[in-house]
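A.B. asks: In this note's numbering, each number is its position in the sequence shown, counted from 1, plus 555.
Pasting a structure below so you can have a look.
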Amino acid sequence: MDTRVLILRHGQSIANIEKIWSGRRDVELSELGIKQAEFAAEMLKSEKIDRVFSSTLKRAYRTALPFAKDRGLDVVTIPDFVEWDGGKWEGVPFDEVPVRFPEEYRLWCEEPSKLVLGESANNVRERCGKALDRLYEENKGLTILLVCHGGVIKTIPSYFSGNSDEVLDNTPIPTNCSITEVAYTDGKGRVERYSDDSYLGDFKTGAFVI
556 MDTRVLILRH
566 GQSIANIEKI
576 WSGRRDVELS
586 ELGIKQAEFA
596 AEMLKSEKID
606 RVFSSTLKRA
616 YRTALPFAKD
626 RGLDVVTIPD
636 FVEWDGGKWE
646 GVPFDEVPVR
656 FPEEYRLWCE
666 EPSKLVLGES
676 ANNVRERCGK
686 ALDRLYEENK
696 GLTILLVCHG
706 GVIKTIPSYF
716 SGNSDEVLDN
726 TPIPTNCSIT
736 EVAYTDGKGR
746 VERYSDDSYL
756 GDFKTGAFVI
């Protein structure tokens, strides 16, 4: 039996509205982000989800809460799924990043696999991928919900493609409250769908950045 991991990016955050690079800054959901989380909980009612996990950052945790409360499940937080450490970019308005950090910004746009901020892209990929593998080992045969972050989710297709930098460079940031689905069969993971936000309708907000 396959083990399924439904990975939900958090809802729109205050930093997304303010167009500020958040990274590991612990920002709140916006009012729209709260509505997106409620929409996600409603959409997921048709899924037989056994356990709920999230990153330790509150924008992820609070996106997970509506569904968990509806099912009577606890939200278990896992530090390895926190957002990419943005280093000196954190707290900087989006439009200032290319001016203040032109070469790093070029890498972000063209070759994010080579970008090193507070941590490298490879480090994000490894910690997230290995944490996913641990979730599989601890939840075999179950369907679980994981709520985390755009920069983390972006690395997942690459991890399951042999740590391919080309795949990482060409994978977009998932949109707010979109679903990415990973399935494990006999210990091998694969991405079944990526950044599906079709259920949100008029509440779609795009990808923003991390």
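For each residue, glycine too, the CB sits at the ideal point set by N, CA and C.
1) Report, in whole angstroms, the separation of the C-beta atoms of Thr730 and Ile711, which I expect to be a contact under 8 Å.
2) For Thr618, report the span of its alpha helix (DSSP H) as first-last.
3) Cutting at 6 Å between CB atoms, please list the residues of its own chain near Ser577, excluding the five before and the five after it.
4) If you measure between the beta carbons of Ser606 and Val631, is that distance less than 9 Å?
5) Do Val582 and Thr698 count as a contact pair if the criterion is CB distance below 9 Å?
6) Helix, strand or coil for Pro657 per DSSP?
7) Nearest-angstrom Cα distance between Thr611 and Ser568?
8) For the pair the stretch 640 to 647 and the stretch 681 to 697, tell me if three or more CB-CB distances fall below 8 Å.
9) Just how far apart, CA to CA, sit Ile562 and Val707?
10) On a Cα-Cα basis, can you pick out the residue from Leu628, Gly684 and Pro621 that is closest to Lys743?
C.D. replies: In this structure, then:
1) To locate residue 730, count along the sequence shown from 1; it is residue 175. To locate residue 711, count along the sequence shown from 1; it is residue 156. Between Ile711 and Thr730 the Cβ distance is about 15 Å, and since that is not below 8 Å, they are no contact.
2) Residue numbering aside, residue 618 sits at position 63 when the sequence shown is read from its first letter. Thr618 -> alpha helix (DSSP H) spans Lys613 to Arg626.
3) Residue numbering aside, residue 577 sits at position 22 when the sequence shown is read from its first letter. Closer than 6 Å at Cβ, skipping near neighbours: Ala570.
4) Counted from its first residue, the sequence shown places residue 606 at position 51. Counted from its first residue, the sequence shown places residue 631 at position 76. Correcting the residue type first, residue 606 is Arg in the shown sequence and not Ser. In this structure, Val631 lies closer than 9 Å to Arg606 by Cβ.
5) On the sequence shown, position 143 is the one that residue 698 refers to. On the sequence shown, position 27 is the one that residue 582 refers to. Contact flag unset, no.
6) Walking along the sequence shown from the start, residue 657 turns up at place 102. Note: Pro657 maps to helix in three-state DSSP.
7) To locate residue 611, count along the sequence shown from 1; it is residue 56. To locate residue 568, count along the sequence shown from 1; it is residue 13. So the two alpha carbons sit approximately 15 Å from each other.
8) no
9) In the sequence shown, residue 562 corresponds to position 7, counting from 1. In the sequence shown, residue 707 corresponds to position 152, counting from 1. Straight-line Cα distance between these residues: approximately 10 Å.
10) Here residue 743 refers to the residue found at position 188 when the sequence shown is read from its first residue. The candidate whose alpha carbon is nearest that of Lys743 is Gly684.
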